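A short worksheet on the structure shown next.
Number of protein chains: 2
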Amino acid sequence: MRRFTFFLVAVATMAGLVTLIAPAPGHADGQSTPPFVTDIPRGYREWQWISSAHEAGNLNSLGAVLGNDVAIKAFRAGKLPFPDGTIIAALHYRYVQSDENNKVFGQAQSFVPGAATNIQFMVKDSTKYAATGGWGFGHFADGKPGDAAFMKSCFPCHEKAGATDLVFTHYAP
Amino acid sequence: MRRFTFFLVAVATMAGLVTLIAPAPGHADGQSTPPFVTDIPRGYREWQWISSAHEAGNLNSLGAVLGNDVAIKAFRAGKLPFPDGTIIAALHYRYVQSDENNKVFGQAQSFVPGAATNIQFMVKDSTKYAATGGWGFGHFADGKPGDAAFMKSCFPCHEKAGATDLVFTHYAP
């Protein structure tokens, strides 16, 4: 019984410590960092396609932008700002030549997704993410979220797309 | 009344002529041309994303490949050959620079879909399309199917992707 009591006290103490130590969700960097997306939204790979994009230069990326049902509905209706519940996913891969396609074409013309690099999300919640234009930003490489310092860079860049509610991607019909 | 009778006779004659002249569906070029896809499969824009691709050179294309549920299931399972009922759609657009994105990035690095050019389909029906490896090929520009002469070029090229059941595109995870 004594052992069991010790165990309970230890657990309670640990729980108290964790509560004290753990930062508030989305405030990993303290009060100065607004919340960002720390969990990969479920089922994103099954969402509908919004558009594709190639980013040259250092990014050297080819990928696709997908959207959940709320996002797709808003894109198709041309509705701005996007409603709460909108989630947009950008799936990024290395931009690589397809040797097998090029053999068939007889010239180097075919570029396809290579290794996956990262997945980024924009989650619209005008209350939770009020400090960043109503959008929560997420970045995941190998399933792990970007750190707070990195995540600080998302909003200032997306803010420049103010005319389209901070969203760069247009719907490809 | 005489005029109306003449009109009816004329319509009947025209209809008869059309019936005589019109080739059997999918045999627009006579017996020598195997059938191809002449109707745009319904709902394709809502299908899931398989991959993106950029074709440089004369095609100068950026787009996406989508698949119906049968296609997606087979791609994810790595199942070859693709089962009957598989439909794969390739949505093609001009490969253009995004001036608005490049302004934000401060350099010319962003390429996105421009004007839509064509949509191509592969429909698996091992009976109907037995002469072309079990695949019916479709090509639509402005909603109109490619003519028989053009459609003849699909199979000989796709045949070179024999190891993947005539499908060039790989699933992007």
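As you go down the protein sequences, you meet chains A and B in turn.
Taking this note's numbering, the leading residue of the first sequence gets 1288, the next gets one more, and so forth.
Taking this note's numbering, the leading residue of the second sequence gets 1288, the next gets one more, and so forth.
We treat Cβ as the ideally placed atom computed from N, Cα and C, and that holds for glycine.
Keep in mind the model is a prediction, meaning the values are calculated, not measured.
- Query: Going along chain E, which residues have a C-beta under 7 Å from B/A1358?
  - Reply: Any reference to chain E falls outside this structure, whose protein chains are A and B.
- Item | 8 Å contact criterion, which A/F1408 and A/P1328 should meet: CB distance rounded | By one-based count along the first sequence, residue 1408 of chain A stands at place 121. By one-based count along the first sequence, residue 1328 of chain A stands at place 41. About 6 Å separates the two Cβ atoms, so the contact holds.
- What residues in the segment 1384-1399 of chain A have a beta carbon less than 9 Å from any beta carbon of chain B? S1385, E1387, N1388, K1390, V1391, F1392, Q1394, A1395, Q1396, S1397, F1398 and V1399
- Task: Using a Cβ cut-off of 7 Å (strictly closer), state whether A/S1440 contacts chain B.
- Result: Position 153 of the first sequence, counted from the start, is the residue given in the question as residue 1440 of chain A. Not closer than 7 Å to any Cβ of chain B, the Cβ of A/S1440 fails to qualify, so no.
- Query: Less than 7 Å separating the beta-carbons of B/P1400 and A/S1348?
  - Reply: For the purposes of this step, residue 1400 of chain B is taken as residue 113 along the second sequence, with counting starting at 1. For the purposes of this step, residue 1348 of chain A is taken as residue 61 along the first sequence, with counting starting at 1. Going by C-beta atoms, B/P1400 is not nearer than 7 Å to A/S1348.
- Helix, strand or coil at B/P1347 according to DSSP, with G and I counted as helix: Mapped onto the second sequence, residue 1347 of chain B falls at position 60. Here residue 1347 of chain B turns out to be Asn, not Pro, going by the sequence shown. In this structure, B/N1347 counts as coil in the three-state DSSP scheme.
- Message: What does the Cβ neighbour count give for B/C1444, buried or exposed, with the cut at 16 atoms within 10 Å?
- Response: In the second sequence, counting from the first residue as 1, residue 1444 of chain B sits at position 157. The residue in question, B/C1444, is exposed, as its Cβ has fewer than 16 Cβ neighbours within 10 Å.
- Message: At the 7 Å Cβ level, is A/F1455 part of the contact set with chain B, yes or no?
- Response: On the first sequence, position 168 is the one that residue 1455 of chain A refers to. With 7 Å as the cut-off, A/F1455 counts as an interface residue toward chain B.
- Query: Over what stretch of residues does the alpha helix (DSSP H) that includes B/P1368 continue unbroken?
  - Reply: The residue given as residue 1368 of chain B occupies position 81 in the second sequence. Counting along the chain, B/P1368 falls outside any alpha helix (DSSP H), and DSSP gives it neither H nor E.
- Using the beta-carbon count (16 or more within 10 Å), is A/Q1394 buried or exposed? Here residue 1394 of chain A corresponds to residue number 107 of the first sequence, with the count starting at 1. Exposed.
- Query: Does any residue of chain B bring its CB to less than 7 Å from the CB of A/G1344?
  - Reply: Here residue 1344 of chain A refers to the residue found at position 57 of the first sequence. Answer yes: the Cβ-Cβ gap between A/G1344 and chain B drops below 7 Å somewhere.
- So, B/L1346 versus B/A1376, is the Cβ gap smaller than 7 Å? Numbered from 1 along the second sequence, position 59 holds the residue referred to as residue 1346 of chain B. Numbered from 1 along the second sequence, position 89 holds the residue referred to as residue 1376 of chain B. No.
- Task: Step through the CB atoms of chain B and report whether any lies within less than 7 Å of the CB of A/K1447.
- Result: One-based indexing of the first sequence puts residue 1447 of chain A at position 160. For A/K1447, the answer is yes, since a Cβ of chain B falls inside 7 Å of its Cβ.
- Item | Close beta carbons around B/V1383, own chain, < 6 Å, minus the five adjacent residues each side | Here residue 1383 of chain B refers to the residue found at position 96 of the second sequence. So the qualifying residues of the chain are G1401.
- Taking only the alpha-carbon atoms, compute the straight-line gap between A/T1320 and B/D1386 and give it to the nearest angstrom. Reading the first sequence from its first residue, position 33 is the one you call residue 1320 of chain A. Reading the second sequence from its first residue, position 99 is the one you call residue 1386 of chain B. Their backbone Cα atoms lie some 31 Å apart in a straight line.
- Task: State the Cα-Cα distance for the pair A/T1419 and A/F1442, rounded to the nearest angstrom.
- Result: Numbered from its first residue, the first sequence carries residue 1419 of chain A at position 132. Numbered from its first residue, the first sequence carries residue 1442 of chain A at position 155. Each residue's alpha carbon lies about 6 Å from the other.
- DSSP three-state assignment for B/G1433, whether helix, strand or coil: Along the second sequence, one-based indexing puts residue 1433 of chain B at 146. Coil at B/G1433, not helix or strand.
- Task: Quick one: list the residues of chain B neighbouring A/P1460, beta-carbon separation under 7 Å, in chain order.
- Result: Here residue 1460 of chain A refers to the residue found at position 173 of the first sequence. Result: A1403.
- Item | Minimum C-alpha distance to B/K1431 - residue among B/I1406, B/A1364, B/E1342 and B/D1356 | As a working note, residue 1431 of chain B is residue 144 in the second sequence. Checking every option, the nearest Cα to that of B/K1431 belongs to B/I1406.
- Task: Measuring only between beta-carbons, confirm whether A/H1341 sits less than 7 Å from chain B.
- Result: Start at 1 with the first residue of the first sequence, and residue 1341 of chain A comes out as number 54. Output row for A/H1341: interface = yes.
- Looking at the structure shown, is A/K1411 part of a helix, part of a strand, or coil, going by DSSP? The residue labelled residue 1411 of chain A in the question sits at position 124 within the first sequence. Strand.
- Message: Any beta carbon from chain A within less than 7 Å of B/S1338's own beta carbon?
- Response: Locating residue 1338 of chain B in the second sequence gives position 51, counting from the first residue. Yes, contact with chain A.
- Please determine, among B/M1438, B/D1434 and B/W1422, the residue with the shortest C-alpha to C-alpha distance to B/T1451. The count along the second sequence starts at 1 and reaches residue 1451 of chain B at position 164. Ranking the options by Cα distance to B/T1451, first place goes to B/W1422.
- Message: Can you check which of these residues, B/W1336, B/D1356, B/S1397 and B/P1322, is closest to A/G1344 by C-alpha distance?
- Response: Indexing the first sequence from 1 puts residue 1344 of chain A at position 57. Comparing Cα positions, the closest option is B/S1397.
- Message: Going by DSSP, what residue range makes up the beta strand (DSSP E) through B/H1426?
- Response: By one-based count along the second sequence, residue 1426 of chain B stands at place 139. That run of the beta strand (DSSP E) goes W1422 to A1428.
- Cβ neighbour criterion (16 or more within 10 Å) applied to B/G1433: Mapped onto the second sequence, residue 1433 of chain B falls at position 146. Buried, because 16 or more other Cβ atoms sit within 10 Å of the Cβ of B/G1433.
- Item | Between the CA atoms of A/L1367 and A/A1361 - distance to the nearest angstrom | Residue 1361 of chain A sits at position 74 when you count from the first residue of the first sequence. Residue 1367 of chain A sits at position 80 when you count from the first residue of the first sequence. Using only the alpha carbons, I get a separation of about 7 Å.
- Test item: CB-CB of A/V1357 and A/V1410 under 7 Å: Within the first sequence, residue 1357 of chain A is the residue found at index 70, counting from 1. Within the first sequence, residue 1410 of chain A is the residue found at index 123, counting from 1. No, the Cβ-Cβ distance between A/V1357 and A/V1410 is not below 7 Å.
- Query: Which residues mark the beginning and the end of the beta strand (DSSP E) in which A/H1341 is found?
  - Reply: For the purposes of this step, residue 1341 of chain A is identified with residue 54 of the first sequence, where counting begins at 1. Here the beta strand (DSSP E) through A/H1341 covers Q1335 to E1342.
- The beta strand (DSSP E) with A/H1445 in it runs from where to where? Against the first sequence, residue 1445 of chain A aligns to sequence position 158. Taken as a continuous stretch (DSSP letters only), A/H1445 belongs to no beta strand (DSSP E), being part of the alpha helix (DSSP H) at C1441 to H1445.
- Query: Relative to the C-alpha of B/P1241, which residue among B/D1412, B/G1449 and B/D1429 is closest?
  - Reply: No information on residue 1241 of chain B is available, as it lies outside the stretch 1288 to 1460 that chain B covers here.
- Taking the continuous beta strand (DSSP E) assigned at B/V1383, which residues delimit it? The count along the second sequence starts at 1 and reaches residue 1383 of chain B at position 96. Note, B/V1383: beta strand (DSSP E), I1374 to Q1384.
- Message: At the 7 Å Cβ level, is A/A1376 part of the contact set with chain B, yes or no?
- Response: As a first step, residue 1376 of chain A is located in the first sequence; it is residue number 89 there, counting from the start. Answer no: the Cβ-Cβ gap between A/A1376 and chain B never drops below 7 Å.
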